[in-house]
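**Q**
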Amino acid sequence: MAKISYRQALNDALHLEMARDPKVIMMGEDLTGGAGANGVKDAWGGPFGVTRGLLGAFGPERVRDTPISETAFVGAAAGAALTGMRPIAELMFVDFAGVCLDQIVNQIAKFRYMFGGHARTPLVIRATFGAGTRSAAQHTQAFYPVFTHFPGLKVVIPSNPYDAKGLLLQAIRDDDPVIFLENKMLYDMVGEVPDGAYTVPFGEARVVRDGSDVLLIAFGRMVQVAEEAARKLASEGVSACVIDPRTTSPLDEDTLLEFTEEIGRVVIIDEANPRCGMASDISALLADKCFHALKAPIKMVTAPHCPVPYAPNLEDAYVPNADAVIKAVKSII
Amino acid sequence: MSIEAITIPKWGMTMTEGLLAEWLVAVGDRIERGQEVMEVESTKTTNAVESPVSGIVRRIVVPEGDTAAVGALVAVVADASTSDEDIDAFIAQFASANKQENGEETGAVASRKIDVGNGKVVNALTIGPESDSTVVLLHGFGGDLSTWMFNQDAFAKNFRVVVLDLPGHGASTPISEGNVLVALTDAVEKAVASVANGKLHLVAHSFGGAVAAALAERKGEAVASITLLAPVGLSASMNKQFLDDFVAAERRRPLKEVLERLFADPSTISNDMVEATLQFKRLEGVPQALGAIKDLIANEQGQVQSITATLREFKGPVQLIWGESDQVVPVPTQSEVPQNVTLNTLPGVGHMPQMESTTEVNRLVLENIAKAK
Numbered sequence: 183m184a185k186i187s188y189r190q191a192l193n194d195a196l197h198l199e200m201a202r203d204p205k206v207i208m209m210g211e212d213l214t215g216g217a218g219a220n221g222v223k224d225a226w227g228g229p230f231g232v233t234r235g236l237l238g239a240f241g242p243e244r245v246r247d248t249p250i251s252e253t254a255f256v257g258a259a260a261g262a263a264l265t266g267m268r269p270i271a272e273l274m275f276v277d278f279a280g281v282c283l284d285q286i287v288n289q290i291a292k293f294r295y296m297f298g299g300h301a302r303t304p305l306v307i308r309a310t311f312g313a314g315t316r317s318a319a320q321h322t323q324a325f326y327p328v329f330t331h332f333p334g335l336k337v338v339i340p341s342n343p344y345d346a347k348g349l350l351l352q353a354i355r356d357d358d359p360v361i362f363l364e365n366k367m368l369y370d371m372v373g374e375v376p377d378g379a380y381t382v383p384f385g386e387a388r389v390v391r392d393g394s395d396v397l398l399i400a401f402g403r404m405v406q407v408a409e410e411a412a413r414k415l416a417s418e419g420v421s422a423c424v425i426d427p428r429t430t431s432p433l434d435e436d437t438l439l440e441f442t443e444e445i446g447r448v449v450i451i452d453e454a455n456p457r458c459g460m461a462s463d464i465s466a467l468l469a470d471k472c473f474h475a476l477k478a479p480i481k482m483v484t485a486p487h488c489p490v491p492y493a494p495n496l497e498d499a500y501v502p503n504a505d506a507v508i509k510a511v512k513s514i515i
Numbered sequence: 003m004s005i006e007a008i009t010i011p012k013w014g015m016t017m018t019e020g021l022l023a024e025w026l027v028a029v030g031d032r033i034e035r036g037q038e039v040m041e042v043e044s045t046k047t048t049n050a051v052e053s054p055v056s057g058i059v060r061r062i063v064v065p066e067g068d069t070a071a072v073g074a075l076v077a078v079v080a081d082a083s084t085s086d087e088d089i090d091a092f093i094a095q096f097a098s099a100n101k102q103e104n105g106e107e108t109g110a111v112a113s114r115k116i117d118v119g120n121g122k123v124v125n126a127l128t129i130g131p132e133s134d135s136t137v138v139l140l141h142g143f144g145g146d147l148s149t150w151m152f153n154q155d156a157f158a159k160n161f162r163v164v165v166l167d168l169p170g171h172g173a174s175t176p177i178s179e180g181n182v183l184v185a186l187t188d189a190v191e192k193a194v195a196s197v198a199n200g201k202l203h204l205v206a207h208s209f210g211g212a213v214a215a216a217l218a219e220r221k222g223e224a225v226a227s228i229t230l231l232a233p234v235g236l237s238a239s240m241n242k243q244f245l246d247d248f249v250a251a252e253r254r255r256p257l258k259e260v261l262e263r264l265f266a267d268p269s270t271i272s273n274d275m276v277e278a279t280l281q282f283k284r285l286e287g288v289p290q291a292l293g294a295i296k297d298l299i300a301n302e303q304g305q306v307q308s309i310t311a312t313l314r315e316f317k318g319p320v321q322l323i324w325g326e327s328d329q330v331v332p333v334p335t336q337s338e339v340p341q342n343v344t345l346n347t348l349p350g351v352g353h354m355p356q357m358e359s360t361t362e363v364n365r366l367v368l369e370n371i372a373k374a375k
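Protein chains in written order, with the numbering used here: chain A, 183 to 515; chain B, 3 to 375.
1. Hey, is B/T108's beta-carbon within less than 8 angstroms of any beta-carbon in chain A?
2. Could you work out which residue in B/S53, B/L292, B/V79 is closest to B/F209 when comparing CA atoms only?
3. Would you mind reading off the limits of the alpha helix (DSSP H) that contains A/Q406?
4. Going straight from the alpha carbon of A/F275 to that of A/N503, what length do you get?
5. Identify every residue that forms a DSSP beta bridge with B/W324.
6. Less than 8 angstroms between C-beta atoms, sequence neighbours within five positions excluded: which residues of the same chain meet that for A/M183?
7. Please return the same chain residues whose Cβ sits closer than 6 angstroms to the Cβ of B/L313, not counting the five positions on each side in sequence.
8. Taking the beta strand (DSSP E) that A/I399 belongs to, which residues open and close that run?
9. Checking contacts by CB at 8 angstroms: is B/A70 closer than that to chain A?
10. State yes or no: is the C-beta of B/G170 within less than 8 angstroms of the C-beta of B/V59?
11. Run through chain B and tell me which residues come within less than 8 angstroms of A/E386, C-beta to C-beta.
12. Is DSSP giving B/T175 helix, strand or coil here?
13. Comparing C-alpha positions only, which one of B/E132, B/V123, B/A189, B/A232 sits nearest to B/N199?
14. Using the three-state DSSP reduction, which class does B/S359 fall into: helix, strand or coil?
15. Measuring straight from C-alpha to C-alpha, what distance separates A/E272 and A/A408?
16. What did DSSP end up calling A/K512 once you bin it into helix, strand or coil?
17. Label A/S394 either buried or exposed according to how many other C-beta atoms from any shown protein chain fall within 10 Å of its C-beta, with 16 as the threshold for buried.
18. Taking C-beta to C-beta, are A/T322 and A/V490 nearer than 8 angstroms?
19. Determine contact between the stretch 172–186 of chain B and the stretch 290–308 of chain B, defined as no fewer than three beta-carbon pairs at a distance below 8 angstroms.
20. Have a look at A/L213 and B/G20 and give me their C-alpha separation to the nearest angstrom.
21. By the 7 angstroms beta-carbon criterion, what residues does the stretch 298–316 of chain B contribute toward chain A?
22. Between the Cα of B/F301 and the Cα atoms of B/E315, B/E286, B/L245, which residue gives the shortest distance?
23. Does any residue of chain A have a CB that is nearer than 8 angstroms to the CB of B/N125?
24. At least one CB of chain A closer than 8 angstroms to the CB of B/E277: is that the case?
25. When you compare only the Cα positions, how much space is there between B/A226 and B/A311?
26. Suppose the cutoff is 6 angstroms on Cβ atoms and the five residues either side in sequence are ignored; what does the same chain contact list for B/P268 look like?
27. Does any C-beta atom of chain C lie closer than 8 angstroms to the C-beta of A/V328?
28. Check the Cβ-Cβ distances between B/R284 and every residue of chain A, and say whether any is below 8 angstroms.
29. With distances taken Cα to Cα, identify the nearest neighbour of B/A7 among B/A278, B/V78, B/L231, B/D68.
30. Quick check: A/I290 and A/P359, are their CB atoms within less than 8 angstroms of each other?
31. Buried or exposed: which applies to A/V424, given that a residue is buried once 16 or more other Cβ atoms fall within 10 Å of its Cβ?
32. Using 10 angstroms around the beta-carbon of B/S113, count the other beta-carbons present and answer buried if the total reaches 16, otherwise exposed.
33. Helix, strand or coil for A/Y492, going by three-state DSSP, please let me know.
34. Name the one or two DSSP bridge partners that A/Y380 has.
35. Report buried or exposed for A/Q285, applying the criterion of at least 16 other Cβ atoms within 10 angstroms of its Cβ.
36. What are the residues of the stretch 229–260 of chain B that lie near chain A, defined by any Cβ-Cβ distance shorter than 8 angstroms?
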C-alpha cells in the first residue's frame, strides 16, 4: 500500500470515478485555472491542488470552471443531478454556502421528499472548512452542524487519507445529496491508501484507538487532536479510546452508545462553535440513551462562541488542542 | 545452561519497535519454554510472547511501559548458578552486537508484487538467508501474509522463507472467474518459482491447505515436507455459517463477532484487526473473489475439497496441527487422517494455532521440516 497525502487520495478518487462513470462531472470556481482566463490551464490543480490533472484527462465539458456565483453553479449542479448526471460541485470555502443556502436546504435536501421518492439527487458538494490557515472569519468556519441539522443531506467529514478516498467514492456513488467537508489543515496529511477503488460506508464510526478509561469522540482534524491527547494520557497511565464517527449525518449512534456503555466517561471534541454543535448534539444523545452508564458528566471541548480570529495567536487559541482535551479528561477521572 | 536472551519479537513487515505493555513474570521466577512471559504491543496488535527457553528470569532489562526496538534485549534467562557478573557481561555484549546490526535487523521489511501474467500480481515477502530449500507460508480464507507474523522469523533463522498473499487477499490481484482453485494454484506456483530455491517445505493454514495440496500434486518430489494447520479437505464437516457470515459482514460490529469465532479466546480480536479486515473486504473485486473461494470450501452438504488422497500418496513427512477448540474446521476423526500423517492437537487453541500457540507451532513445523530428506 502506498503512502499518499489526503489531497492525493481525494484526487485519486476523482480520477477513478470520472474514468469509471461518464455521468460524473465537476463544476466550481478555479477548478482548472479560471473560466475565460488566458493563462496556463490547470497550473495549480484547483485552489487547493485537489483537482489536478482532471481537465487533461476528462476535458472542459466534464471539468467546468464557473463564474464566481455559488448560487448559479450549485443550482446548475442540482438540476444536472435531477436529470441523470452525477455532479460534484466544489465550494472553495464552506463559508460561501451562505449565498446558495436556498439551493442546498430548500431545494437539494427536499427533492426526494417533495417528489414522493421519485426524484434522485446524486450530487456531491465538496467544500473546505476549518481554522488554522490565517484566512480570517469568513473563510475558516466549521459549518457542519448547519448541514447536519437538515434532513435530506448526508454530511461527511473525513479525518485521514484512507477515509478521504473511500468516503468520496461512496459520496459520488450515493443517490442522495452529500455535503463532503475537507479540513484544509489535513491536505498534507500522509497515510496508507490502497491503489484501487473501495468505498467506506456512511454511518459507520471508526475505532481509532482502543482504550478503557475515557472515550474521546472527534471529527475531522480533531481526531488528530484526540489521538495526541490519548498518547499523552497513556504516558500518565490513562487509557483513552478514540472514536471518529466519520459522518455526522447519518450518525453511527450504535457505536457511540456501545462504547459509552462500556467506558462511562466521555469527552467530545468539536472544532465548531459550541451552541447547537456536534458536541452538544452527541452529548444530548448519550445523556438521553446512556444516562445509567455514565460515571461522570459528559465534557465538551469546542471552539469558543466567537468568530475565528485573524490574529495568529488568537486563531491558535481558538482551535481545541490536546492540552484542552487532557484538562477535560482529568476533570472527570 | 547457557545465558539466553528474551527479545522484542518482529510481527509483520512494518513493525520496528514494540511497547512492553506488561511483564507476566518477575525476576527470580522459574519459567518454562512456551510459557507466556510478557505482553508486547505494536502499532497494529498486542500479543503475549512465549519464552523460547526454560530457566530462571535473572534480569528484566526493559520495564513495563517502555518501548524498545525489534530484536532488543528485554530480559535475561539463565540458571541460578550463573553469576551476576556473567549476566552483566551478557547484557553489555548483547547491546554492542545489536548496535552493529542495527538498521538491518530492526528495519521494516518490504513485500513485493510478483507479476504472474494476465495482468495479475501476487504479493510476496521473502526473508531469511539463502538456503538449499525454501519454506513457503500460505494463509487461509480471508487472511493475508500477516497471519504468519509471529512465526516467519523462527523459520527464517535457517531457511529462506516466502510468505504469500493468496490471490484475492492482501495485496494480490483477486481471481473470481473460471476454475478458481486451478487459477489460484497457477498464480501461487508462478510466484513461488520466481523466488524460491531448491525443495519446498509447504506450511499452510485452513483453505491454504487445499492450495498446498494442489501445489504438492503438481510439483511432485520438489516438495520436501507439508505441514497443514487446521486445513480444509480432510472431513466433510465444516462451519459453513462462519464463511457466510464472514463474506456478508460489511461493518465493524458483525465482522468482529465473526472474527471472534476464529480464536479460543475471543478477546484476542482487537478493533485494529477488525478495521484491517474491513479495509481488505472493501477493495473492489474482493467480495466476488471471497464469494468464489467460499464456494470452493463448502456447500450445503459440507466441505467440497478433498486432500486426503494427496496427503496419503505424498512421500515426505506430512503433519497436521489442530486446535482442539477449533470452531471453524473441526478436528478430523482419527479414521479421516491417513496413516502416514501425524496429527498434533493443541488444547485451548481455536482455528488460529499459529497465533494462539506460536512457540509450539514453530517447534512442530521445524521438527517436520527436519524429518524431510
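Beta carbons: idealized from backbone N, C-alpha and C, even for Gly. Every value quoted in this text rests on a predicted model; they were computed, and no experiment measured them.
**A** Based on what the coordinates show:
1. Within the second sequence, the letter at position 106 stands for residue 108 of chain B. Any reading at B/T108 needs caution, since the residue's pLDDT is 43, under 50, leaving its predicted position unreliable; the model's value is listed next. So, not an interface residue.
2. Against the second sequence, residue 209 of chain B aligns to sequence position 207. It is B/L292 whose Cα lies nearest to the Cα of B/F209.
3. Taking the first sequence and counting its residues from 1, one reaches residue 406 of chain A at position 224. Where A/Q406 is concerned, the enclosing alpha helix (DSSP H) stretches over 404–417.
4. For the purposes of this step, residue 275 of chain A is identified with residue 93 of the first sequence, where counting begins at 1. For the purposes of this step, residue 503 of chain A is identified with residue 321 of the first sequence, where counting begins at 1. A/F275 and A/N503: Cα-Cα distance of roughly 23 angstroms.
5. Locating residue 324 of chain B in the second sequence gives position 322, counting from the first residue. Bridge partners of B/W324: B/T347.
6. By one-based count along the first sequence, residue 183 of chain A stands at place 1. Counting only Cβ-Cβ distances below 8 angstroms, and skipping sequence neighbours, we find E374, V375, P376, D377.
7. Translated into positions along the second sequence, residue 313 of chain B becomes position 311. Closer than 6 angstroms at the Cβ level, and outside the excluded window around B/L313, lie V320, P340, V343.
8. Along the first sequence, one-based indexing puts residue 399 of chain A at 217. Its beta strand (DSSP E) spans residues 396–400.
9. Along the second sequence, read from residue 1 onward, the residue named residue 70 of chain B stands at position 68. B/A70 does not count as touching chain A.
10. Here residue 170 of chain B refers to the residue found at position 168 when the second sequence is read from its first residue. Here residue 59 of chain B refers to the residue found at position 57 when the second sequence is read from its first residue. Cβ atoms of B/G170 and B/V59: not closer than 8 angstroms.
11. Working through the first sequence from its first residue, we reach residue 386 of chain A at position 204. Going along chain B in sequence order, the residues near A/E386 (Cβ under 8 angstroms) are R253, R254.
12. Residue mapping note: residue 175 of chain B aligns to position 173 of the second sequence, counting from 1. Three-state result, B/T175: coil.
13. Within the second sequence, numbered from 1, the residue matching residue 199 of chain B stands at position 197. The option with the nearest alpha carbon to B/N199 is B/E132.
14. Translated into positions along the second sequence, residue 359 of chain B becomes position 357. Here B/S359 sits in coil by DSSP.
15. As a position in the first sequence, residue 272 of chain A is number 90, starting the count at 1. As a position in the first sequence, residue 408 of chain A is number 226, starting the count at 1. About 29 angstroms.
16. Stepping through the first sequence from its first residue, residue 512 of chain A is reached at position 330. Helix at A/K512.
17. Here the question's residue 394 of chain A lines up with position 212 in the first sequence. That one is exposed.
18. Your numbering for residue 322 of chain A matches position 140 in the first sequence. Your numbering for residue 490 of chain A matches position 308 in the first sequence. Yes, they are a contact pair.
19. yes
20. Residue mapping note: residue 213 of chain A aligns to position 31 of the first sequence, counting from 1. Residue mapping note: residue 20 of chain B aligns to position 18 of the second sequence, counting from 1. The straight-line gap from Cα to Cα measures roughly 45 angstroms.
21. none
22. Position 299 of the second sequence, counted from the start, is the residue given in the question as residue 301 of chain B. Note that residue 301 of chain B is Asn in the sequence shown here, rather than Phe. Nearest option by C-alpha distance: B/L245.
23. The residue given as residue 125 of chain B occupies position 123 in the second sequence. No, because no Cβ of chain A sits closer than 8 angstroms to the Cβ of B/N125.
24. Here residue 277 of chain B is taken as the residue at index 275 of the second sequence, counted from 1. B/E277 counts as touching chain A.
25. Within the second sequence, numbered from 1, the residue matching residue 226 of chain B stands at position 224. Within the second sequence, numbered from 1, the residue matching residue 311 of chain B stands at position 309. So the alpha carbons of these two residues sit roughly 17 angstroms apart.
26. On the second sequence, residue 268 of chain B is found 266 positions in, with the first residue counted as 1. The answer, listed in chain order, is E262.
27. No chain C appears in this structure, whose protein chains are A and B.
28. As a first step, residue 284 of chain B must be located in the second sequence, where it is residue number 282. Closer than 8 angstroms: yes.
29. Here the question's residue 7 of chain B lines up with position 5 in the second sequence. Cα-wise, what sits closest to B/A7 is B/V78.
30. The residue you call residue 290 of chain A lines up with position 108 of the first sequence. The residue you call residue 359 of chain A lines up with position 177 of the first sequence. In contact: A/I290 and A/P359 (Cβ atoms closer than 8 angstroms).
31. What you label residue 424 of chain A is simply residue 242 of the first sequence in a count that begins at 1. That one is buried.
32. As a first step, residue 113 of chain B is located in the second sequence; it is residue number 111 there, counting from the start. That one is buried.
33. Position 310 of the first sequence, counted from the start, is the residue given in the question as residue 492 of chain A. In the structure shown, A/Y492 sits in coil (DSSP, three-state: anything other than H, G, I, E or B).
34. As a first step, residue 380 of chain A must be located in the first sequence, where it is residue number 198. For A/Y380, which the question treats as bridged, DSSP gives the partners B/L285.
35. Position 103 of the first sequence holds residue 285 of chain A. By the neighbour-count rule (16 or more Cβ atoms within 10 Å), A/Q285 is buried.
36. E252, R253, R254, R255
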